[in-house]
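What follows is one structure encoded as C-alpha cells, with my remarks underneath.
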Amino acid sequence: MQLRSKLTIPELFMKPSKREQIAQAAMQLFIQHGYRETSMDQIAAEADVSKHTIYNHFQSKEGLFIELVEQFICEQFQPDFNFNLSDKPAVGLRRFAEAFLAKLNNPEYAAFLRLLIAESHHFPNLAQLFIRQVIGEERHSLKQYFESHPDWHIRDPELTAYIFLSSMSSLVLFQEVMQGKSILSIEQDRLIDQLVDLVLSNSAVQILSPP
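For the sequence shown, UniProt numbering gives the first residue as 1, with consecutive numbering after it.
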C-alpha cells in the first residue's frame with residue numbers, strides 16, 4: 001500500500017528517498033501484518049535498508065507508525081467538497097453524499113481502517129484524529145450548509161448532519177471494512193436516496209430529484 005496514489009510525470013522518474021522507501025515499506029507491512037506483528041527487521045528488509053538507516057529517520061517503531069498514520073489521515077481525508085448554493089436541495093445533498101462515499105470506497109481506505117481499528121486501543125489519539133478529520137470536518141461542512149438554509153426549518157442541523165454521515169460511514173464499515181457485503185446487501189445509491197428523502201421530507205423543502 002502506497003501513501004501517495006498520484007505521481008506527477010517528473011516524480012515517476014525520481015528514485016524515492018530513503019525516508020520514503022522506509023515509509024512505504026512500513027505502511028505495507030503494518031497493513032498486512034498489523035503493528036505488533038511487524039518488526040523493524042522486517043521493515044528494513046522490505047525497504048532494502050539497514051535498521052541503522054531506519055533509526056536515522058525515525059526514533060522508534062511507534063514513532064514511525066504514528067507519523068505514517070497521521071500523514072495518511074491528513075493527506076487522504078482532506079475535506080474538499082464545496083456546496084453550490086444554486087443547486088436544488090436534493091441535488092446538493094446527493095452530490096455531497098456521492099463525493100463522501102467516493103472517498104470511503106477507495107480500497108486503501110478499507111485496508112487502512114482495519115489497521116486503525118485494530119490498534120485504536122493502543123493509539124487512541126490516532127483514532128480520534130481520524131474521527132475529527134473524516135467525520136468531524138465533513139459534519140461541520142454539512143451542518144453549515146443546513147444552517148445556511150433556515151427556510152428548510154431543520155430542527156437540529158448538527159444532529160441531522162451526524163445522522164446523514166454516520167449512515168454512510170457505517171454502511172462502508174460493514175460492507176467493505178468488515179467484508180459483510182453479502183450479508184448487508186444495501187446499494188449505496190439506495191441509501192443516498194433515502195437519506196436525502198429523510199432530510200428534505202422533514203423540512204419545508206419540496207423534494208426534487210436530480211436531473
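Idealized CB from N, CA, C, for every residue including glycine.
Near residue i, which residues of its chain fall below 6 Å by C-beta distance, leaving aside the five closest residues on each side in sequence?
i, result
"V172", "L104"
"residue 212", "As shown, the chain starts at 1 and ends at 211. That puts residue 212 outside it, with no answer to give."
By Cβ distance, which residues of its chain are closer than 8 Å to residue i, with the 5 residues on each side in sequence left out?
i, result
"F13", "Any reading at F13 is ruled out, since the residue's pLDDT is 44, under 50, leaving its predicted position unreliable."
"S167", "L191 and L195"
"S120", "L126 and A127"
Measure the alpha-carbon distance for residue i versus residue j and round it to whole angstroms.
i, j, result
"S148", "N56", "51 Å"
"S139", "F96", "One point to set straight first is that residue 139 is Arg, not Ser, in the sequence displayed. Rounded to whole angstroms, R139 to F96 spans 11 Å at the Cα level."
"V177", "M40", "27 Å"
"S60", "Q78", "27 Å"
"T160", "H52", "52 Å"
"E158", "N84", "20 Å"
"F164", "Q24", "34 Å"
"S86", "E187", "28 Å"
"L7", "D151", "Because the pLDDT of L7 is 43, which lies under 50, any placement of that residue in the model is unreliable, and the number read from its coordinates should be weighed accordingly. Cα to Cα, L7 sits roughly 45 Å from D151."
"Q144", "E137", "11 Å"
"L68", "I183", "33 Å"
"Y162", "A118", "24 Å"
Kindly indicate which residue of the options has the alpha-carbon position closest to the one of residue i.
i, options, result
"I154", "S169, L198 and G136", "L198"
"F123", "I22, K18, G34 and A23", "G34"
"S50", "T38, L129, G63 and I22", "I22"
"Q71", "D193, K181, E20 and S170", "E20"
"E98", "F58, Q179 and F81", "F81"
"L142", "S169, L93, L129 and E108", "L93"
"Q179", "Y109, Y162 and E75", "Y109"
"G63", "F130, A26 and F146", "A26"
"E46", "R36, I131 and L29", "L29"
Excluding sequence positions up to five away, which residues of its chain have a Cβ less than 7 Å from the Cβ of residue i?
i, result
"I135", "L165 and S169"
"Q42", "L29"
Compare the C-beta of residue i with all C-beta atoms of chain D and state if any pair is closer than 9 Å.
i, result
"I183", "Of the protein chains in this structure there is only one, and it is not chain D."
*At 3 residues or longer, and completely inside the UniProt domain "HTH tetR-type" (16 to 76): list those beta strand (DSSP E) runs for me, N to C.*
none
*Can you list, in chain order, the stretches of the beta strand (DSSP E) that have 3 or more residues and sit fully within the segment 116 to 154?*
none
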